[in-house]
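Visitor: Sharing a structure here in structure tokens format.
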Amino acid sequence: MHFTLSAGVALLASASFTLAQTYTDCNPTKKTCPAAVGLPSSSYSVDFTQGSAGIAPWSAASGTTLEYGSDGAVFTIAQSGQAPTIATDFYIFFGHVDVTMRASAGTGIVSSIVLQSADLDEIDWEFLGGDNTQVQSNFYGKGNTTSYDRVVYHPVATPQDTWHTYGIDWTSEKIDFSIDGTVIRTVPYASAATVDGKNFPQTPMQLKLGSWAGGDSSSEGTVEWAGGKTDYSQAPFKMYVKSVDITNYNPGCEYAYSDMSGSYQSIDVVTSGDSCKADGASNSSSTASAGNSATATTQSSAQQSSAQSSAQSSAQSSAQSSAQSSAQSSAQSAPTASQVVKPIEQTISLQTTVTGSAYSVNTASISALNSGMLPSATATRNSNDGEGASSSTSAIASSTGAASLNVAMAGGSLLSILLGAALL
104 MHFTLSAGVA
114 LLASASFTLA
124 QTYTDCNPTK
134 KTCPAAVGLP
144 SSSYSVDFTQ
154 GSAGIAPWSA
164 ASGTTLEYGS
174 DGAVFTIAQS
184 GQAPTIATDF
194 YIFFGHVDVT
204 MRASAGTGIV
214 SSIVLQSADL
224 DEIDWEFLGG
234 DNTQVQSNFY
244 GKGNTTSYDR
254 VVYHPVATPQ
264 DTWHTYGIDW
274 TSEKIDFSID
284 GTVIRTVPYA
294 SAATVDGKNF
304 PQTPMQLKLG
314 SWAGGDSSSE
324 GTVEWAGGKT
334 DYSQAPFKMY
344 VKSVDITNYN
354 PGCEYAYSDM
364 SGSYQSIDVV
374 TSGDSCKADG
384 ASNSSSTASA
394 GNSATATTQS
404 SAQQSSAQSS
414 AQSSAQSSAQ
424 SSAQSSAQSS
434 AQSAPTASQV
444 VKPIEQTISL
454 QTTVTGSAYS
464 VNTASISALN
474 SGMLPSATAT
484 RNSNDGEGAS
494 SSTSAIASST
504 GAASLNVAMA
514 GGSLLSILLG
524 AALL
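Counting with the numbering used here, you get residues 104 to 527 for the letters of the sequence shown.
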């Protein structure tokens, strides 16, 4: 059997894929877009074990049906085509997010925590249902996928069976990923992974939670990354979210893009004006019904009425906490808005590229797993993507250094095999 070197390198390049969210209503780096609805308070929290009342400031993707109980909100995939997803009706501009959850089991099933902006900045936690030992952290800037070495694997004890709190602390200087309060990865603004800030997520983001069947995709790369084809005879596949806590470092009624640069310096934080009026803050009272229409399948009519009434009351009254308490929810006041939510499955598989003799391999791909390219536990544990490690981390290893080193070594081994084959 004969291989050419060019064919071998092409095979190596095509073996790796990465995934990014690709949907946005309006990309403000491409055209003038409406201001994003902001969270005017510094914090928001919801305890889904208290029922559906706290879902008011969230919208759901079409077909999403949530159940509620002592385990919180239950995202269920029972058959092909389902991808239960909810998203906050508001955006935050730098902040801290904690999600207490249990990931879904099931080959090909992906559980996701996604922060995403209108211009496709993105920060992710992702769990593969066929792997009950680790979680992936990842990020994108402006949907830029010119490099594929940003994903890092982190060991975590039985994420499908054990409650853990997954945190993202996001500022203009860095991103900290944490598990149960311990920082396990830091991404500085200026680092190789962010191309000195160019690919650093830095525009207002909304939170999306959901699960989807990567193993149900028509894309071979997506199926490989997700761990294989989904076997629906093993359904239902359930992801559980107990609670969400959000801190907004720049509270505002709206966030407006002053230009098309996509830079955090271009964001105007609106804290006064019509959008901040108590009788219509972020259009709460006028759009509460529309904002909740997508989640109608998650609530009984009585619960929906209670949730809407509570949301409207909290927007029209200074007694916000008592209004929320009457709805048996720990959620603080937050705006509701009419929006179209796309399932988290709206992703694209992107092949790695080869430039001259340099190439990048996405360590998240199952192809990489199968070819031995997965970074070692040492390389992915407590990772830091450059200078300025958080003082709370220990045994720091660079995810663009140690992880990429493992990739380069494994990639070199595979390339050696291909080179050998080319000489036969």
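Even for Gly, the Cβ is constructed at its ideal location relative to N, Cα and C.
1. Use the C-beta contact count for Cys356: other C-beta atoms within 10 angstroms, 16 or more gives buried, fewer gives exposed.
2. Compute the Euclidean distance between the alpha carbons of Asn241 and Leu142, then round it to the nearest angstrom.
3. Glu323: which of Thr274, Gly211, Lys245 and Tyr360 sits nearest, CA to CA?
4. Once DSSP output is grouped into helix, strand and coil, what is the label at Ala316?
5. Ala329 by DSSP, collapsed to three states: which one?
6. Mark Gly209 as exposed unless 16 or more other C-beta atoms lie within 10 angstroms of its C-beta, in which case mark it buried.
7. Between which two residues does the beta strand (DSSP E) carrying Glu229 extend?
8. Excluding sequence positions up to five away, which residues of its chain have a Cβ less than 8 Å from the Cβ of Ser173?
9. Who are Trp273's beta bridge partners in DSSP?
10. Would you report the Cα separation of Arg288 and Trp161, rounded to the nearest angstrom?
11. Can you tell me which of the three DSSP states Ser145 falls into?
12. With Asp234 as the anchor, note down where its beta strand (DSSP E) starts and where it stops.
13. Just reading off the beta strand (DSSP E) that Ala190 is part of, what are its end residues?
14. Sorted by chain position, which residues of the same chain lie with C-beta nearer than 7 Å to Pro339's C-beta, five sequence neighbours on each side aside?
15. My output table needs one value for Ser183: the three-state DSSP class, helix, strand or coil.
16. DSSP has Asn242 in a bridge; who is on the other side?
17. Would you identify the three-state DSSP class for Gln263, choosing helix, strand or coil?
18. Could you pull out every residue in the same chain whose Cβ sits closer than 7 Å to the Cβ of Val372, ignoring the five residues on either side in sequence?
19. Would DSSP call Pro137 helix, strand or coil?
20. Could you work out which residue in Asn351, Trp315 and Leu310 is closest to Ala206 when comparing CA atoms only?
21. By Cβ distance below 6 Å, which residues in the same chain neighbour Cys379 in space, the five residues on each side in sequence not counted?
22. Could you check what DSSP says for Ala156 in three-state terms: helix, strand or coil?
23. For my contact list, Pro304 and Tyr194 are in at a C-beta cut-off of 8 Å; report their separation, rounded to the angstrom.
24. Just the C-alpha distance for Val290 and Ala221, rounded to the nearest angstrom, thanks.
25. By the DSSP assignment, the beta strand (DSSP E) with Gln368 in it spans what residues?
26. In three-state terms, what does DSSP make of Gly305?
27. Per DSSP, what kind of secondary structure is Pro291 in: helix, strand or coil?
28. Of all the options Lys301, Pro262 and Thr261, which has the alpha carbon lying nearest to the alpha carbon of Gly365?
29. Reducing DSSP to helix, strand and coil, say where Tyr335 ends up.
30. Given Val347, which residues of its chain have a CB within under 6 Å of its CB, disregarding the five upstream and five downstream residues?
Guide: In short, the structure shows the following:
1. Buried, because 16 or more other Cβ atoms sit within 10 Å of the Cβ of Cys356.
2. Straight-line Cα distance between these residues: approximately 24 Å.
3. Taking each of Thr274, Gly211, Lys245 and Tyr360 in turn and checking the Cα distance to Glu323, the smallest one comes out for Gly211.
4. Strand, per DSSP.
5. Ala329 falls in the helix class under three-state DSSP.
6. With 16 or more Cβ atoms within 10 Å of its Cβ, Gly209 is classed as buried.
7. Element bounds for Glu229: Glu225 to Leu231.
8. Thr152, listed in sequence order.
9. Its beta-bridge partners are Gly198 and Ile278.
10. Between Arg288 and Trp161, the C-alpha separation is close to 28 Å.
11. Note: Ser145 maps to coil in three-state DSSP.
12. Following the DSSP letters along the chain, one finds Asp234 in no beta strand (DSSP E), marked with neither H nor E.
13. Unbroken beta strand (DSSP E) run through Ala190: Thr188 to Thr191.
14. The residues are Thr179, Ile180 and Ala181.
15. Note: Ser183 maps to coil in three-state DSSP.
16. The amino acid occupying residue 242 in the given sequence is Phe; Asn does not appear at that position. For Phe242, the pairing in a beta bridge is given by DSSP as Ile226.
17. For Gln263, the three-state secondary structure derived from DSSP is coil.
18. Counting only Cβ-Cβ distances below 7 Å, and skipping sequence neighbours, we find Phe196, Asn353, Gly355 and Tyr358.
19. Of the three classes helix, strand and coil, the one that applies to Pro137 here is coil, per DSSP.
20. The closest CA to that of Ala206, considering only Asn351, Trp315 and Leu310, is found on Trp315.
21. The answer, listed in chain order, is Cys356.
22. In the structure shown, Ala156 falls within a helical segment according to DSSP collapsed to helix, strand and coil.
23. At roughly 13 Å, the Cβ-Cβ gap does not stay under 8 Å, so Pro304 and Tyr194 are not in contact.
24. Those two C-alpha atoms are separated by around 21 Å.
25. Looking at the DSSP string, Gln368 is not in any beta strand (DSSP E), and its letter there is neither H nor E.
26. Looking at the sequence provided, one finds Gln at residue 305 rather than Gly. Look at Gln305 here: in three-state DSSP terms it is coil, with no helix or strand label.
27. Of the three classes helix, strand and coil, the one that applies to Pro291 here is strand, per DSSP.
28. Its Cα nearest to that of Gly365, the residue Lys301 stands out among Lys301, Pro262 and Thr261.
29. In the structure shown, Tyr335 sits in a helix (DSSP, three-state: H, G or I).
30. Taking Val347 as the centre and dropping the five residues before and after it, the same chain places the C-beta of Val149 and Val202 closer than 6 Å to its C-beta, in chain order.
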